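Residue numbers (mature numbering (1 follows the signal peptide of the UniProt record, and there is no 0)): -24 to -1, 1 to 194.
No residue lacks a Cβ here, since even glycine has one placed at the ideal position from N, Cα and C.
Note that this is a predicted model, so its numbers are computed, not measured.
Written below as C-alpha cells is the structure these notes are about.
Okay, here's the thing in C-alpha cells:
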C-alpha cells in the first residue's frame, strides 16, 4: 500500500538580504512497509548544471563552487584542461561524500540502518561503477545486492543558473528509494529552493527538506 505525502516545508534564511523558501514533495510507501527495508545503502549523488551558456558539467561546477567558502580556485587560461577537470572532479567527490553523510545521518535518525559510505565506495570502485549514473535502476540494484542491503537510495542534484551579472540559482534535489529484491519504488520525490547565492548551506537545505518528509520507522 502506498500513499502520497506532500507537505510544504518552509525554511527561511537570509541570503544577500533576500529570503528564499525550500519546499519538498515526497511520495512514499506506508511506514509498516518501509520497516521491512531498514538496511539501506545510499549509492550516489549525481550533479547536473544548466543555464550557463552551454559550458560542460565540470566547468559549470568549477565556476559555481567558487561561490562557496571552499570553492575551487579558477585556473589561468594556460592550465591544461585535463588538470582542470581532475581538480574539479576531486571537489565534486568531496561534496558528494559530505552530502551523502548528511543523508545517512537523516536515515539513521529515522530508524534505518545505512551502510557506511566508505564500504559503498569500495564496492562501486571494485565493480567499476563510480561516476556511471547510478540513477539507472539496474546498476543501483546490482550494487544493493552486493552490499546485502534491503533498499538503495540515489539522489540527483540539479542547479539551474539564471542571469550573468547577478546570477540566481534554482537548486533541485531528486531522490528515490528502491527495494533491492523487487525493484519496487519505496519513496520518490523532490525538494527545491531558489537563492541568490550558491553555498553548501543551500545544498543542505534541499537535502534536509527531502528527508524531513520521510517517515520515522521507530
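Problem set entry | Beta-carbon spacing of residue 21, residue 131 below 7 Å | Sequence index remark: in the chain shown, residue 21 carries index 45 (1-based). Sequence index remark: in the chain shown, residue 131 carries index 155 (1-based). Taking C-beta atoms as the reference points, residue 21 and residue 131 count as a pair closer than 7 Å.
Exercise. Which of helix, strand or coil does DSSP assign to residue 125?
Worked result: Walking along the chain shown from the start, residue 125 turns up at place 149. Coil.
Exercise. From residue -12 to residue 72, what distance separates their C-alpha atoms?
Worked result: If you number the chain shown from 1, residue -12 lands on position 13. If you number the chain shown from 1, residue 72 lands on position 96. Caution is warranted here: a pLDDT of 32 is assigned to residue -12, below 50, making its placement in the model unreliable, and no coordinate value can be reported.
Exercise. Tell me which same chain residues have a C-beta within less than 8 Å of the C-beta of residue 4, skipping the five on either side of it?
Worked result: The residue you call residue 4 lines up with position 28 of the chain shown. Cβ within range, chain order: -23, -22, -20, 10, 153, 162, 163, 164, 165, 189, 190, 191.
Exercise. DSSP on residue 136, reduced to helix/strand/coil?
Worked result: The residue given as residue 136 occupies position 160 in the chain shown. The answer is strand: DSSP assigns residue 136 an E or B state.
Problem set entry | Counted within 10 angstroms of its Cβ, other Cβ atoms place residue 80 as buried (16 or more) or exposed | Indexing the chain shown from 1 puts residue 80 at position 104. Taking all protein chains in view, the Cβ of residue 80 is crowded by 16 or more other Cβ atoms within 10 Å, so the residue is classified as buried.
Problem set entry | Which residues DSSP lists as bridging residue 23, in chain order | Taking the chain shown and counting its residues from 1, the one referred to as residue 23 is at position 47. Beta-bridge partners assigned by DSSP to residue 23: 133.
Problem set entry | Rounded separation between residue 14 and residue 86 - CA only | The residue you call residue 14 lines up with position 38 of the chain shown. The residue you call residue 86 lines up with position 110 of the chain shown. The C-alpha of residue 14 lies about 10 Å from the C-alpha of residue 86.
For this session: Measure the C-alpha to C-alpha separation of residue 172 and residue 138 and round it to an integer number of angstroms.
Result: In the chain shown, the residue the question calls residue 172 occupies position 196. In the chain shown, the residue the question calls residue 138 occupies position 162. Taking the straight line from one Cα to the other gives about 10 Å.
Exercise. Among 142, 194, 95, 113, which one has its Cα closest to the Cα of residue 159?
Worked result: Taking the chain shown and counting its residues from 1, one reaches residue 159 at position 183. It is 113 whose Cα lies nearest to the Cα of residue 159.
Problem set entry | Own chain partners of residue 123 with C-beta closer than 8 Å, once the 5 adjacent residues on each side are dropped | The residue you call residue 123 lines up with position 147 of the chain shown. Around residue 123: 17, 91, 95, 96, 99.
For this session: State the DSSP-derived secondary structure class of residue 75, mapped to helix, strand or coil.
Result: Looking up residue 75 in the chain shown gives position 99. Taken through DSSP and simplified to helix, strand or coil, residue 75 comes out as helix.
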